[in-house]
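Reading through the structure tokens given below for one structure.
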Amino acid sequence: MSGQNTKLKATVKKLSSGLGPFLVVMLIALFFVITTPTFRTIRNILTLGHSASLYVMMAMGLSFVLISGATDLSAGSVVGLCGVVCAMMMRDFNVPVWISVIIGLASGVLCGVINGLLATKLGLVPFIATLGTQWVYRGMCNILGRGAAVSVRDAQNPAYADQFYAIGGGRLLGIPVPIYIFVICGIILAFLLRKTVFGRDLYAVGSNAEAARLSGINVFKTQMIAYIICDTMAALAGIVLAARMVGGNTASGDGYEFEGIFAAVIGGVSLAGGEGTILGAIIGAFVVAVLRNGLNLNGIGSFVQQVILGILIIIAVYLDVRRVKRMRNKTVA
């Protein structure tokens with residue numbers, strides 16, 4: 015009987031923790047529905063889904079690194095760099111759209127490999143290592159783009175602009191293409207995290223890297239894959255954003271890493287590692303998107319929005335730290 019009660023409590027706790035972020039989205043959305051008539055229009059809902067797709071891609075990718083017990087502060091710069099690289103391929107080298115997209119994604123993979131080597135093989139603190147590469151990638155982005163926008167409309171082939179725009183601004187059956195992209199990626203990443211040996215190893219490494227190493231798990235390989243997934247998703251977000259603007263911009267992705275981390279933490283991904291889900295990260299991303307959308311519709315300036323999101327990030331991190339401490343105290347007791 016006591017065993018059944020324990021299982022019931024565990025199930026209730028799991029459900030409540032999963033419903034928490036969803037309820038936050040609903041409450042914020044309800045507030046804006048009541049206070050802002052334009053929020054509930056079909057046009058705005060589609061716009062919301064469109065903008066949320068970028069936050070979702072960032073949050074899903076960053077979740078892998080956070081679950082592994084590390085972090086990646088360079089993800090926002092990867093967004094800008096890979097968007098510029100992709101646009102440059104079309105404008106300066108007349109490379110077809112889909113090959114340019116693959117090159118942009120490959121650039122993200124390379125960034126992930128570099129971050130993984132610095133944070134795992136060389137043993138640098140992930141926070142410091144990726145803070146450094148954040149500046150390196152942003153600097154490379156500005157060098158390649160010469161500090162300006164890289165417009166695909168200037169490409170030799172005039173068809174590239176419309177083909178590229180279809181990725182970030184097109185619609186299929188009335189639904190923005192980026193929504194299809196993040197749904198497909200979400201299904202793949204959720205399967206990878208929950209149904210594969212790599213996923214189980216990732217949780218083990220995040221919970222206790224030394225114990226995972228002693229049990230035979232290749233910690234270096236596991237965290238390296240996590241960084242590659244993270245920066246590939248950041249590259250995808252950068253390409254989708256560049257496609258929407260029909261060109262790369264050297265300022266794109268600035269601060270996206272913090273909004274991605276905030277979304278992941280709101281969705282239940284622990285900064286201490288070893289905990290989190292893709293669904294939670296997606297819901298957390300919608301918290302950020304709904305909040306941003308509602309504030310924009312109410313005429314709240316970008317600087318004030320930065321203050322609000324900054325305060326919310328501090329609160330989210332504080333609550334996560336408290337939760338981790340409570341869990342550790344229970345384990346010791």
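Here the sequence shown stands for residues 15 to 347, where the numbers follow the working numbering. In this text, a Cβ means the ideal position worked out from N, Cα and C, and glycines have one as well.
Which listed residue (the options) has its alpha carbon closest to that of residue i
{"i": "Thr-351", "options": "Lys-339, Gly-313, Ile-329 and Ile-327", "result": "A question about residue 351 goes unanswered here, because the residues of the chain that appear run from 15 up to 347."}
{"i": "Ser-202", "options": "Ala-249, Ala-225 and Ile-243", "result": "At residue 202 the sequence reads Ile, which differs from the Ser that was named. Closest by alpha carbon: Ile-243."}
{"i": "Thr-61", "options": "Val-111, Ile-329 and Gly-308", "result": "Gly-308"}
{"i": "Arg-366", "options": "Leu-285, Val-318 and Val-302", "result": "The structure shown does not extend to residue 366, since the chain is modelled only from 15 to 347, so the question has no answer here."}
{"i": "Asp-86", "options": "Gly-63, Ile-117 and Gly-126", "result": "Gly-126"}
{"i": "Ala-173", "options": "Arg-57, His-64 and Val-260", "result": "Val-260"}
{"i": "Ser-266", "options": "Leu-44, Ile-292, Gly-290 and Leu-68", "result": "Leu-68"}
{"i": "Trp-149", "options": "Gly-90, Arg-185, Ile-113 and Ser-114", "result": "Gly-90"}
{"i": "Phe-141", "options": "Gly-83, Asn-156, Ser-121 and Asn-171", "result": "Gly-83"}
{"i": "Ser-121", "options": "Ile-322, Arg-306 and Met-247", "result": "Met-247"}
{"i": "Ile-157", "options": "Arg-167, Gly-262, Ile-195 and Val-115", "result": "Gly-262"}
{"i": "Lys-209", "options": "Phe-45, Thr-291 and Asn-129", "result": "Thr-291"}
{"i": "Arg-152", "options": "Gly-137, Gly-130 and Cys-96", "result": "Cys-96"}
{"i": "Pro-190", "options": "Ile-59, Leu-37 and Asn-343", "result": "Ile-59"}
{"i": "Leu-37", "options": "Val-301, Ile-329 and Ile-116", "result": "Val-301"}
{"i": "Leu-250", "options": "Val-115, Asn-171, Gly-137 and Leu-187", "result": "Val-115"}
For residue i, three-class secondary structure by DSSP
{"i": "Leu-187", "result": "coil"}
{"i": "Ser-14", "result": "Absent from the structure is residue 14, since the part of the chain shown begins at 15 and ends at 347."}
{"i": "Ala-180", "result": "helix"}
{"i": "Gly-261", "result": "strand"}
{"i": "Ile-239", "result": "helix"}
{"i": "Thr-291", "result": "coil"}
{"i": "Asn-171", "result": "coil"}
{"i": "Leu-323", "result": "helix"}
{"i": "Thr-25", "result": "Unreliable positioning characterises Thr-25 in this predicted model, as indicated by a pLDDT of 48, which lies under 50. A coordinate reading is not provided."}
{"i": "Val-331", "result": "helix"}
{"i": "Leu-60", "result": "helix"}
{"i": "Val-283", "result": "coil"}
{"i": "Val-338", "result": "helix"}
{"i": "Thr-85", "result": "coil"}
{"i": "Gly-315", "result": "coil"}
{"i": "Ile-297", "result": "helix"}
{"i": "Ser-77", "result": "helix"}
{"i": "Leu-136", "result": "coil"}
{"i": "Asn-307", "result": "helix"}
{"i": "Asn-343", "result": "helix"}
{"i": "Thr-210", "result": "coil"}
{"i": "Ile-231", "result": "coil"}
{"i": "Ser-266", "result": "coil"}
Terminal residues of the alpha helix (DSSP H) in which residue i lies
{"i": "Gln-388", "result": "Outside the displayed range of the chain (15 to 347) lies residue 388, so it cannot be described from this structure."}
{"i": "Ile-275", "result": "270-280"}
{"i": "Asn-129", "result": "111-130"}
{"i": "Phe-53", "result": "Note, Phe-53: premise wrong, no alpha helix (DSSP H); not H, not E."}
{"i": "Ala-226", "result": "223-228"}
{"i": "Ser-91", "result": "89-107"}
Cα-Cα separation, residue i to residue j
{"i": "Val-331", "j": "Val-70", "result": "19 Å"}
{"i": "Lys-135", "j": "Glu-271", "result": "23 Å"}
{"i": "Phe-276", "j": "Val-93", "result": "17 Å"}
{"i": "Arg-340", "j": "Asn-222", "result": "17 Å"}
{"i": "Glu-224", "j": "Gly-183", "result": "46 Å"}
{"i": "Met-349", "j": "Ala-162", "result": "Because the chain is modelled from 15 through 347, residue 349 falls outside the range shown and cannot be assessed."}
{"i": "Ala-256", "j": "Leu-124", "result": "19 Å"}
{"i": "Gln-237", "j": "Leu-216", "result": "7 Å"}
{"i": "Phe-212", "j": "Gly-315", "result": "43 Å"}
{"i": "Gly-274", "j": "Leu-76", "result": "7 Å"}
{"i": "Ile-231", "j": "Gly-146", "result": "28 Å"}
{"i": "Met-154", "j": "Thr-264", "result": "9 Å"}
{"i": "Leu-119", "j": "Val-79", "result": "18 Å"}
{"i": "Ser-65", "j": "Ala-303", "result": "7 Å"}
{"i": "Ala-169", "j": "Asp-106", "result": "7 Å"}
{"i": "Val-233", "j": "Leu-132", "result": "14 Å"}
{"i": "Pro-192", "j": "Asp-334", "result": "30 Å"}
{"i": "Val-279", "j": "Ala-295", "result": "8 Å"}
{"i": "Ile-181", "j": "Arg-258", "result": "7 Å"}
{"i": "Arg-57", "j": "Gly-63", "result": "10 Å"}
{"i": "Val-139", "j": "Val-47", "result": "44 Å"}
{"i": "Ile-239", "j": "Gln-320", "result": "32 Å"}
{"i": "Ala-204", "j": "Val-197", "result": "10 Å"}
{"i": "Leu-323", "j": "Ala-43", "result": "16 Å"}
{"i": "Gly-159", "j": "Ile-325", "result": "33 Å"}
{"i": "Ile-117", "j": "Val-98", "result": "11 Å"}
{"i": "Met-15", "j": "Asp-245", "result": "Bear in mind that a pLDDT of 49 at Met-15, under 50, signals an unreliable position, so the number given afterwards is only what the model happens to contain. When rounded, the distance between both Cα atoms is 48 Å."}
{"i": "Leu-187", "j": "Cys-199", "result": "19 Å"}
Rounded Cβ spacing between residue i and residue j (contact assumed at less than 8 Å)
{"i": "Gly-220", "j": "Gly-269", "result": "Contact doesn't hold; Cβ gap of about 25 Å is too wide."}
{"i": "Gly-282", "j": "Ala-73", "result": "The pair is not a contact, with the Cβ atoms about 11 Å apart (cut-off 8 Å)."}
{"i": "Val-111", "j": "Phe-178", "result": "5 Å"}
{"i": "Cys-100", "j": "Ile-327", "result": "At roughly 29 Å, the Cβ-Cβ gap does not stay under 8 Å, so Cys-100 and Ile-327 are not in contact."}
{"i": "Phe-53", "j": "Leu-311", "result": "6 Å"}
8 Å Cβ cutoff, residue i in contact with chain B
{"i": "Pro-110", "result": "The chain inventory of the structure shown lacks chain B, comprising one protein chain alone."}
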